[in-house]
Ligand code: DHB
Ligand code: FE
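Numbering (my numbering), first residue to last: 127 to 378.
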């Protein structure tokens with residue numbers, strides 16, 4: 127039962143924290159510092175970000191689904207109800223959207239290789255400066271977000287721009303924590319997907335780009351080699367190909 131698991135986890139977490147308080151002989155001043163930090167994270171509305179960065183990768187990895195392609199963390203920036211676009215298509219952009227033009231293309235397949243027409247790739251990414259619409263207030267709603275439907279051959283072909291690397295806001299409590307831990311606050315540039323098709327388990331994953339300076343030191347430790355693409359130049363665009371595999375829904 128999930129509730130029992132969560133209860134057992136909660137009890138163990140409290141016991142671990144108490145042990146660490148004793149082991150490090152935490153003073154009253156230290157305790158107030160720690161308490162203030164935890165309250166600050168909430169007041170800055172950074173819990174979704176901080177929890178996903180610290181812990182989602184761990185949960186995602188051992189919940190991988192047999193038969194599916196390689197998954198990755200969802201992170202805190204998905205927004206439901208993005209506009210629907212039929213492939214080939216572009217993600218919603220501003221006129222003269224800044225950044226290197228990028229085409230992402232490939233197929234969505236079942237484990238036996240059968241292409242899946244009508245599969246939906248819910249796609250979201252940062253703009254070239256690393257900002258996500260709905261979270262960076264200057265960006266228009268649904269910028270670089272769409273639910274892309276595969277064509278009759280189960281293929282997708284998405285025109286977008288190369289995302290910028292994402293930086294955890296340096297001025298907030300999460301940024302202060304990473305500085306304290308001697309970690310930089312960057313995630314490598316990436317495009318998010320949650321892909322679904324009738325009769326199949328949805329797959330949440332991300333694609334990364336070779337030569338990104340943060341691939342080996344992602345603050346969320348979420349990069350997997352299989353998800354790193356090497357885009358090729360084509361005219362003035364970059365083009366990258368990737369096939370997604372969705373596991374079959376278990377009967378019953
Ligand atoms: C996290 C994931 C992301 O994709 C992102 O852009 C920011 C944070 C995360 O794991 O918390
Ligand atoms: Fe992201």
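C-beta atoms are modelled at their ideal positions from N, C-alpha and C, and glycine is treated no differently.
- Counting only residues of its own chain and dropping the five nearest sequence neighbours on each side, residue 229 has a CB closer than 6 Å to the CB of 285, 363 and 365.
- When the five nearest sequence neighbours on each side are left out, the beta carbons in the same chain lying within less than 6 Å of the beta carbon of residue 249 are those of 272, 274 and 319, in order along the chain.
- For the 7 Å CB-CB criterion, residue 348 and residue 252 do not form a contact.
- The set of residues with CB atoms less than 6 Å from any heavy atom of the ligand FE reads, in chain order, 201, 203, 292, 316 and 318.
- Around the beta-carbon of residue 232, 16 or more other beta-carbon atoms lie within 10 Å, marking it buried.
- Residue pairing by DSSP places residue 249 opposite 272 and 319 in a beta bridge.
- Relative to the ligand DHB, the nearest heavy atom lies less than 6 Å away from the CB of residue 182.
- Its Cα nearest to that of residue 182, the residue 200 stands out among 192, 132, 200 and 172.
- With 16 or more neighbouring CB atoms inside 10 Å of its own CB, residue 331 falls in the buried class.
- For residue 284, DSSP records a beta bridge to 215 and 230.
- Within 10 angstroms of the beta-carbon of residue 210 lie fewer than 16 other beta-carbons, which makes it exposed.
- When distances are taken from the beta-carbon of residue 271 to the heavy atoms of the ligand DHB, even the shortest one reaches 6 Å or more.
- If you check the C-beta of residue 191 against the ligand DHB, you find no heavy atom less than 6 Å away.
- In the three-state scheme derived from DSSP, where H, G and I count as helix and E and B as strand, residue 191 is classed as coil.
- Residue burial is scored here from C-beta neighbours: residue 333 has at least 16 other C-beta atoms within 10 angstroms and is therefore classed as buried.
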